[in-house]
Structures are given as structure tokens and as C-alpha cells.
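Report on the following structure.
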Amino acid sequence: MLKRQGLLAIGSVFLLSACSSSVQLPEFSATGYIADEGVVRLWRLNNKVSEPQVIMSVYSFYKKPETVITFYEYRQNKLWQIRSEVINPNDPSSWHLRLNKHGEVIFMQQERQKQKRALTEDERLRMVFAASKEREISDALTIGKVNLVQGVWYQNTMTTCAGEKVSVSFEAPEQRWLKTRTRNSSKPSYVAWLDSPEGKQLLMVAEHDFCKWEPTKESL
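Here you go:
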């Protein structure tokens, strides 16, 4: 059910992105969606004319102990750098691609187990395509007022990472999932969800404290 809703949300991207150039976007925003293999959370910093400066993507997988954190950086509305880190206890790696103002590669490297190598052309193309896709998705979801909220669930109380106590009600299957995940835990659980005009959608429940690293307008 969660995946179906996520795909429906992404389906609206192409309907909304066409009008994104004429819409004033906030300087700082957070949104997210459900992908094929996990959850993607997006934070974005814009300039005064709604052009991206930085888009931060955090892809948390369902079935493997891996998180991919990627920074897409822009200059004068053009992609100039991608920095990606694969956090995996068994096989960590990092990826780095830098472009000049004409979109030509001036640096590209992958580092894995202290070994460095140049990226292949396919890897470069995939990274650039991912940057374009995440920008379109963040455009559309922000225009649609789909906002990411993260918080702490403890003793039947939800507190956002900003410290605000909130009352959150999800759809019945999501509410049951939240209760199942936290029923036998004496420790806080960390929760991410989407808040939109259509309602709320639970994205993930985790044991690790992602409030500690949640980006802000100042830190991003």
C-alpha cells in the first residue's frame, strides 16, 4: 500500500514539473517519496529565484543495511558537482563527479576499500540522470506541498526534530505498522512521514536518531 501511494505521488511529477519554472519555490524545503527499493528523502536549498543551490538525497533501502547520501550542487542553475556516499557496514564507497560550466567532466572518481578509480561513462551518465530526476521530483512535490517531517515517537507522543509535540494520525495500515514496530521497544523510535493537502503518509520507522543530522537552511 505504501509503495502504491508513493508511485501515485511520483506519477504527478510530470504533470507538475511543466509549470515549475513559473512557481516561486521556498528557499528551503524538505520532501520525499517511496521508490522501488526503499524511501528517498530530499532536502533542497534554493536561491531567491527558485534555482537550486544544493539538493540532498538520502535513499534508505528496505531489504539491505545500506543508505546512500548524495549532494547535488549547482552554480548559476547548472549542475556542477555530485558527491555520493554509500553507507554500508560491509562495503562502503564514495562517488564524486565535477563538471565545468559547459557540462564537461573535470573530475570523476569512485573510492572503495581505499582503492580509487575513474568512473565509467555509464556511471557518469547514471549520476547525471539521477541529478535531473531528483531535481524534477523535488520541484513537483514541493509545488504540490508534499512536505517531509521527521520526529521521535516515544511513550505514545510524537515530537518533531524541531522539538514540537504534534498529533499525527496515519491511515489504519500505517498506524498498525507504527504500533507493531514500536510495541516492544523501551527506547525512542524515529519516524519520517509526508504531510500534504491529501493527508499524511508514513515513510519509515527507524531506531537510529536521524534528528541528529537532519539538515537545516543554515547547514545545507
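Just so we're aligned: 198 in the numbering used here is position 163 of the sequence shown, and the numbers increase by one with no gaps anywhere.
Every residue, glycine too, gets a C-beta built ideally from N, C-alpha and C.
Asked: Exposed unless 16 or more other CB atoms sit within 10 angstroms - verdict on I90; Found: buried
Asked: CB contact flag (R79, S173, <7 Å); Found: yes
Asked: When V121, R161 and Y109 are compared against K136, the one with the closest alpha-carbon; Found: Y109
Asked: Helix, strand or coil at R170 [DSSP, three-state]; Found: helix
Asked: Residue closest to D235, alpha-carbon to alpha-carbon, out of S254, Y225 and Q210; Found: Per the sequence presented here, residue 235 reads as Lys, with Asp not at that position. When only C-alpha atoms are compared, the closest one is Q210.
Asked: The region 93 to 111 / the region 177 to 187 touching (three or more Cβ pairs under 8 Å); Found: no
Asked: Given E199 as reference, the closest of C246, K151, E158 and G67 once Cα atoms are compared; Found: C246
Asked: Rounded separation between L255 and K83 - CA only; Found: 16 Å
Asked: Whole-angstrom distance between I122 and L43, CA atom to CA atom; Found: Residue placement at L43 is flagged as unreliable, the pLDDT there being 42, under the threshold of 50; a coordinate-derived value is accordingly withheld.
Asked: Nearest residue (CA-CA) to Y68, options L134, E206 and E171; Found: E171
Asked: DSSP state of R218 mapped onto helix, strand, coil; Found: coil
Asked: 7 Å Cβ cutoff met for W248 and L237; Found: no
Asked: Inter-residue spacing [alpha-carbon to alpha-carbon] between Q59 and E86; Found: 10 Å
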